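If you use our numbering, the sequence shown corresponds to residues 7 to 314, in order. A short write-up of the structure that comes next.
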Amino acid sequence: MEIRHRLGKLLVACCAYCGCFTSVAAQQAAPFKPALRVNIAATGVRNSLTWSVAGNSQGTAPNIMSELQWYAQSGVGMKGSLTYLPLRRWFTTLSFSRAGYISGHATDNDYQEDDRQYPTYAGKFRADRGRVQELNTTVGFELYASGWLSWKIQAGYTEQRQLNYLLPADAFTPQDLRSTYSSRWRGILINTALQWRLSANTSLRTALAYSQLWYRGEADWNLIPSFQHPLSFLHVAKGYALQPAVAMEKRLYGNSPLCVELAYAYRITGHGAEQLYLRNGGLAVTRLNSVKSNAWSLCIGVPFNLLK
Numbered sequence: 007m008e009i010r011h012r013l014g015k016l017l018v019a020c021c022a023y024c025g026c027f028t029s030v031a032a033q034q035a036a037p038f039k040p041a042l043r044v045n046i047a048a049t050g051v052r053n054s055l056t057w058s059v060a061g062n063s064q065g066t067a068p069n070i071m072s073e074l075q076w077y078a079q080s081g082v083g084m085k086g087s088l089t090y091l092p093l094r095r096w097f098t099t100l101s102f103s104r105a106g107y108i109s110g111h112a113t114d115n116d117y118q119e120d121d122r123q124y125p126t127y128a129g130k131f132r133a134d135r136g137r138v139q140e141l142n143t144t145v146g147f148e149l150y151a152s153g154w155l156s157w158k159i160q161a162g163y164t165e166q167r168q169l170n171y172l173l174p175a176d177a178f179t180p181q182d183l184r185s186t187y188s189s190r191w192r193g194i195l196i197n198t199a200l201q202w203r204l205s206a207n208t209s210l211r212t213a214l215a216y217s218q219l220w221y222r223g224e225a226d227w228n229l230i231p232s233f234q235h236p237l238s239f240l241h242v243a244k245g246y247a248l249q250p251a252v253a254m255e256k257r258l259y260g261n262s263p264l265c266v267e268l269a270y271a272y273r274i275t276g277h278g279a280e281q282l283y284l285r286n287g288g289l290a291v292t293r294l295n296s297v298k299s300n301a302w303s304l305c306i307g308v309p310f311n312l313l314k
């Protein structure tokens, strides 16, 4: 699958062009002082992850041999961010979030023929353990600022890690099943955001991020003796992500604000490779068809300034 480079280039070009029209009066309105903004938030997540492999490295025999899906994974955690403004309009941001899963399900399906025909195995599992965490570090510039509107662009590094489990869901599944799948998406992030001041106490922000990503997944299938442990097989691929978000900030009492943010992340890879490590020292290579991830998050936090 062709990775979409054009969207990122178009976003940068558009923002650079529009930045030429930034109001000079807004830049000189008041003396600038460096600022440090902190946001601490509680977060809830709901995620899903799906991948499939073919029967060989050409993507045939069959085209979908095995398919794993983790879905309805809900969790709670924390999110924190630091934004430092050393110069007028320039800023840098560091954010980190982590949540532990408290519910979730998984399925494992194998097929003998193309297009999911003639199933040879179907398993259902619990996936109420594990975690997800995300790190972003960016440098940004405010392209436009007025009394009621602000337009910013950011670029930097992004990384998301996830640990998923396959656990027994009923008495018919071996009770010592503890298989794991660890995934990591990392790459370059471009983000643009618009913020409207709706009133003296309320502001609304919308954002859209695009990322070019490298994917790596590591599995330990603990009940299969013919596989090596703790690394049974490895997935590698390239992909991209789209992440829209909307947030509202409101001052409730005095100078104490409350921020609520709803965000969605869609990540997908193109064709990649699976390397299966056998206990006898053998190595089997097949095609990774794709990896898809859908993630929702809701954050409720309290932002405040450390430098004024």
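Beta carbons: idealized from backbone N, C-alpha and C, even for Gly. Every value quoted in this text rests on a predicted model; they were computed, and no experiment measured them.
Counting only the Cα atoms, S188 lies some 27 Å from L214.
The beta carbon of S299 lies closer than 6 Å to those of L55, R273 in the same chain, with the five residues before and after it left out. In the three-state reduction of the DSSP assignment, P250 falls in the strand class. According to the DSSP secondary-structure assignment, W202 is paired through a beta bridge with L155, L210.
For H111, the enclosing beta strand (DSSP E) begins and ends at 96-119. Under the 8 Å Cβ criterion, the stretch 164-171 counts as touching the stretch 188-197, having at least three qualifying pairs.
Secondary-structure assignment with DSSP links R184 through no beta bridge to anything.
R43 sits in a strand when the DSSP states are folded into three classes. With contacts defined as CB atoms closer than 7 Å, Y127 and P68 fail to qualify as a contacting pair. By the neighbour-count definition (other C-beta atoms within 10 Å, threshold 16), H241 is a buried residue. With fewer than 16 neighbouring CB atoms inside 10 Å of its own CB, T212 falls in the exposed class.
Close CB contacts of R203 within its chain, under the 6 Å cut and outside five residues either way in sequence, are with W154, S209 (chain order).
Under the three-state reduction of DSSP output, L91 falls in the strand class.
Our two residues, S217 and L248, have alpha carbons roughly 7 Å apart in a direct line. In this structure, F233 and Q281 do not form a Cβ contact; the two beta carbons are roughly 12 Å apart against a cut-off of 8 Å. Excluding five sequence positions before and after A225, the CB atoms of its chain that fall closer than 6 Å to its own CB belong to Y187, S238, F239, given in chain order.
Where L268 is concerned, the enclosing beta strand (DSSP E) starts and stops at 262-275.
Sixteen is the threshold: since fewer than 16 other Cβ atoms of the shown chains lie within 10 Å of the Cβ of V291, the residue is exposed. For W302, the uninterrupted beta strand (DSSP E) segment begins and ends at 289-313. Distance check between E73 and each of G307, L313, R293, P309 places R293 closest, using alpha-carbon atoms only. Here the C-alpha atom of W96 lies approximately 6 Å from the C-alpha atom of G146. Taking a 10 Å sphere around the C-beta of D182, we find fewer than 16 other C-beta atoms and assign the residue as exposed. Closest in alpha carbon position to N45, among E267, H235, G86, is G86. In the DSSP assignment, Q123 falls within the unbroken beta strand (DSSP E) covering 123-132. C-alpha of T144 to C-alpha of R52: approximately 25 Å in a straight line. In the structure shown, G81 adopts extended strand secondary structure according to DSSP, grouped into three states. At a Cβ-Cβ threshold of 7 Å, I306 and A41 do not count as neighbours. N142 is bridged by DSSP to S101, T164. The beta carbon of Q139 is closer than 6 Å to those of R104, R167 in its chain, skipping five residues each way along the sequence. When beta bridges are read from the DSSP output, T56 appears opposite Q75, K298.
Bridge pairing for P174: F131 [DSSP].
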